[in-house]
Structures are given as C-alpha cells and as structure tokens.
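Q: Below is a structure I'd like to ask you about.
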Amino acid sequence: MEIKLSTANALETGATWSLPEVRNVTQNRLLLHLAFWTVYVVFFGLLYGSYIDDYYNAFMIELVELPFKMGLVYFNMYYLLPRYLLQKRYLEFFVYLLLLMGAIGALMQFVLLPFLIHPIFCPTTCTEDNLTFYRFVKNIVNINYVVAITAVIALLKNWYSHQRAARDLTQDKLEAELKFLKGQIHPHFLFNTLNSLYALTLKKSDNAPEVVLKLSGLMDYMLHDANAATMPLEKELEYIKNYIALEQVRYGERVEVQFSATGSIAGKQIAPMLLLPFVENAFKHGVSTETKDAWIRIDVKVTDEQLVLLVENCKCTDKASSSSRDMASGIGLKNLQRRLELLYEGRYELEVEEEEDSYSARLEISFE
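At position 302 of the sequence shown the residue is numbered 302 (UniProt numbering), and the sequence of numbers has no breaks.
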C-alpha cells in the first residue's frame with residue numbers, strides 16, 4: 001500500500017511513500033517535538049527556579065503555561081508563517097502575530113496568574129505588582145522567545161526543503177538530458193550498421209551472418225549495460241573492439257586499424273558509450289570517403305589518475321576534408337561535449353586538431 005504524503009515536501013517533490021515510512025516519519029517528528037518542549041521546560045524552569053529560589057513551583061508554572069504557548073507556536077508555524085510571511089504579506093503577519101501574542105499574554109496575565117498559578121503554587125507572592133502593565137509587557141517578551149526560536153527553526157526547515165527540492169529538480173533535468181543525449185547515439189549507430197548489413201546482403205556476402213552476430217552482441221550491450229551510470233572501462237573497450245571488428249568486416253582491406261590499450265584498466269569505471277563516438281566518427285568521416293590506403297589509429301592510455309584517448313584518422317581527399325570539418329562542428333561532437341560537461345565537469349580536456357592529411361581527437365578524463 002502506498003499513499004501520497006500531504007506535506008509540503010511531498011507535494012513539492014512528488015514523492016510517494018509507503019505507510020510504514022509515513023508512520024516512521026510521524027513518530028520521529030513527534031519525538032523531535034517532544035524533545036524540544038522538554039528542553040524548553042527544563043531550561044526555563046531552571047532559569048525561573050533560580051530566580052525565585054523554588055524549582056518545583058517554577059516547573060509547575062511552566063507546565064501550566066505550556067499548552068497556551070504551544071498553541072501560539074503551532075498556530076504561527078502552520079498558519080501565519082505559510083499563509084502570510086512566506087507569501088510576503090509581512091504587515092499582516094506581524095499585525096496578526098502581535099494581536100495573538102497580546103491575547104495569549106492577557107489570558108496568562110489576568111486569568112492564569114491571579115486565579116490559578118498564584119493561588120495554587122505561590123500564594124504568598126501574589127501582589128498588585130504582578131497585575132501591572134509592566135508585568136504584562138514582560139510576559140509578552142517572555143512569550144516572544146519561544147515564538148522567535150520556533151519561527152527560525154520553521155523558516156530554516158522551509159529553506160532547506162526548497163533547496164533540496166531545487167537540487168532534486170536540477171538532478172532530474174540533468175538525468176533526463178543525459179538520457180536524451182545517450183539516446184541520440186543508439187539510433188545513429190544502428191542506422192550505420194544496418195546500412196553496412198544491407199550492402200553486404202546485396203552482394204550476398206558470406207560476412208553477413210558474422211555482422212548480424214556482432215550486431216546482436218552490440219545491441220545487447222546498448223539495451224542493458226549502457227543504461228548504467230558507469231561501467232567497467234574494460235567492458236567499454238571490449239565494446240569498441242567489437243565495433244571495430246564489425247566495421248572491418250564492412251571495409252575489408254580498404255582500412256588499416258591500429259588499436260592499443262596500455263596501463264592498469266582493471267577496476268576503472270567510466271560512463272558507457274562515451275568513447276565510442278570518437279571511433280565511430282573516425283570510420284564515418286575518414287574511412288568512408290576513402291577507396292584505398294585508409295587508416296585509423298586508436299590509442300588508450302590509463303593511469304591511476306586519468307584516461308587518455310587519442311583517435312586519429314586519414315583525410316586524403318577533398319571530400320574527406322569537408323566531411324571532417326562537418327564532424328568537428330556538427331551535432332555529434334556537440335552531443336559528446338555536452339555529455340562530458342554533465343558527467344565530468346572540471347575533470348576532462350578535449351582537443352580536436354585538423355592537419356592537411358589527418359584528423360585527430362584527444363580526450364583526457366580524470367578518475368577523481
């Protein structure tokens with residue numbers, strides 16, 4: 001069974017809590033409130049008791065006045081504060097609060113004091129001085145302490161709730177954007193691979209079944225492993241190797257691919273499908289326009305502190321040169337840069353260089 005909390009926090013965050021969770025929150029809140037009022041009574045009882053040199057009567061007076069103070073505090077916290085102060089209706093808030101404090105102070109001064117507190121707990125101290133206007137103002141000031149303390153606590157709690165809701169909203173937006181950016185990679189890759197498979201089937205190539213098998217493995221990776229926030233770097237590199245093998249089936253001897261990975265890869269984590277766009281662009285914008293002697297170099301170096309990826313590809317014809325420039329300023333690189341900003345802000349460096357006969361991209365990512 002699940003129910004919606006009818007609190008401001010639950011409404012703001014849209015959280016759905018189970019009944020045991022609601023019960024636990026309610027119990028914890030009651031314990032916190034009980035602890036606060038216990039500390040309040042003990043503190044002021046000791047303070048007033050030392051003043052009149054009678055701790056028993058001081059505590060009893062605090063207990064008699066406590067329900068009225070609690071009523072004022074909770075009315076202020078749950079009605080005046082959210083309805084007026086938090087709505088920036090400051091004048092109304094202070095007018096209503098002062099009137100309410102005056103009413104409670106008058107009740108305590110001219111009803112509780114002469115007819116209950118003094119006759120029962122301290123009959124010898126009841127004098128005309130206890131019913132003066134000065135005494136009334138002093139009682140109002142005493143009441144103001146607890147109202148001010150609880151109001152500050154309520155305002156701090158409200159501020160914290162809004163800050164947490166804002167952080168949650170920002171995080172939700174970032175996660176949604178990351179999912180969108182990652183989702184753009186999947187159709188792009190699938191489209192290119194299906195084109196390759198279509199070309200092989202037209203030629204009735206014996207390599208078509210191998211392409212289907214490798215594509216099945218890559219699709220399994222994208223549908224399951226790629227949905228995680230991070231994954232082992234070793235698995236990501238294995239995925240890139242499979243992608244290279246798939247493309248080599250397509251291009252055959254037209255392209256020479258050199259792939260190297262050095263360093264301690266075990267135990268390192270990375271965001272899934274973050275390195276693939278570099279390799280995919282090297283094939284798409286460099287190799288696809290070449291008829292022979294095409295080349296791609298992929299170098300991965302890993303240390304305890306960082307990962308360095310260098311991808312270079314040839315650019316020998318005018319068509320390839322134009323294609324590389326399009327890639328450098330196109331949606332693919334912008335997508336990749338945005339993902340890096342979201343996932344590795346302040347922890348990455350990306351350099352893209354274009355030479356007369358080659359194109360290179362260098363990525364550095366710090367693990368910590």
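We put the beta carbon where it would ideally sit given N, CA and C, even for glycine.
When DSSP builds the beta bridges, which residues end up paired with K301?
A: Locating residue 301 in the sequence shown gives position 301, where the first residue counts as 1. T262 and V308.
Q: In terms of residues, what are the limits of the beta strand (DSSP E) holding R254?
A: Looking up residue 254 in the sequence shown gives position 254. Segment: none, R254 is in no beta strand (DSSP E) and carries neither H nor E.
Q: Going by the CB atoms, is the gap between Y243 and V279 shorter than 8 Å?
A: Taking the first residue of the sequence shown as position 1, residue 279 is located at position 279. Taking the first residue of the sequence shown as position 1, residue 243 is located at position 243. Contact: yes.
Q: Taking the straight line between their C-alpha atoms, what separation do you get for Y344 and I298?
A: Start at 1 with the first residue of the sequence shown, and residue 344 comes out as number 344. Start at 1 with the first residue of the sequence shown, and residue 298 comes out as number 298. The alpha-carbon atoms of Y344 and I298 are separated by roughly 22 Å.
Q: Could you give the C-beta distance for E65 and L112, rounded to a whole number, given that I count them as a contact under 8 Å?
A: Position 65 of the sequence shown, counting from 1, holds the residue named residue 65. Position 112 of the sequence shown, counting from 1, holds the residue named residue 112. Yes, E65 and L112 are in contact; Cβ-Cβ is about 7 Å, under 8 Å.
Q: Just confirm the distance between the C-beta atoms of K69 and V146, as a whole number of angstroms; I'd bet it's less than 8 Å.
A: As a working note, residue 69 is residue 69 in the sequence shown. As a working note, residue 146 is residue 146 in the sequence shown. Going by Cβ atoms, the distance from K69 to V146 rounds to 6 Å, so yes, they are a contact pair.
Q: Taking the alpha helix (DSSP H) that Y90 falls in, what are its first and last residues?
A: The count along the sequence shown starts at 1 and reaches residue 90 at position 90. From DSSP, the alpha helix (DSSP H) with Y90 extends over Y90 to L107.
Q: List the endpoints of the continuous alpha helix (DSSP H) containing E345.
A: Taking the sequence shown and counting its residues from 1, one reaches residue 345 at position 345. From DSSP, E345 is part of no alpha helix (DSSP H); its letter is neither H nor E.
Q: Apply the 10 Å Cβ neighbour rule to residue 404 and answer buried if 16 or more other Cβ atoms are within range, or exposed otherwise.
A: Any property of residue 404 remains undetermined from this structure, which presents the chain solely from 1 to 368.
Q: Starting from E368 and walking both ways along the alpha helix (DSSP H), at which residues does that stretch end?
A: Along the sequence shown, one-based indexing puts residue 368 at 368. Per DSSP, E368 belongs to no alpha helix (DSSP H) and is neither H nor E.
Q: Strictly by DSSP, which residues pair up with S358?
A: The sequence position of residue 358 within the sequence shown is 358, counting from 1. In the DSSP output, where bridge partners are listed per residue, S358 has C314.
Q: Leaving out five residues on either side along the sequence, give the residues of the same chain with a beta carbon under 7 Å from the beta carbon of V211.
A: Residue numbering aside, residue 211 sits at position 211 when the sequence shown is read from its first letter. Around V211: S196, L197, L200, L246 and V249.
Q: Specify whether the segment 251-263 and the segment 214-221 touch according to this definition: at least 3 beta carbon pairs, one from each stretch, less than 8 Å apart.
A: No: the two stretches stay apart, fewer than three of their Cβ pairs being nearer than 8 Å.
Q: In three-state DSSP terms, what is A294?
A: For this step, residue 294 is matched to residue 294 along the sequence shown. The answer is strand: DSSP assigns A294 an E or B state.
Q: Buried or exposed, going by whether 16 or more other CB atoms sit within 10 Å of the CB of A361?
A: One-based indexing of the sequence shown puts residue 361 at position 361. Per the 10 Å Cβ criterion, buried.
Q: Helix, strand or coil for M70? Go by DSSP, reduced to three states.
A: For the purposes of this step, residue 70 is identified with residue 70 of the sequence shown, where counting begins at 1. Helix at M70.
Q: CB-CB under 7 Å to E356, same chain, minus the five flanking residues each way: which ones, in chain order?
A: Taking the sequence shown and counting its residues from 1, the one referred to as residue 356 is at position 356. Closer than 7 Å at Cβ, skipping near neighbours: no residue.
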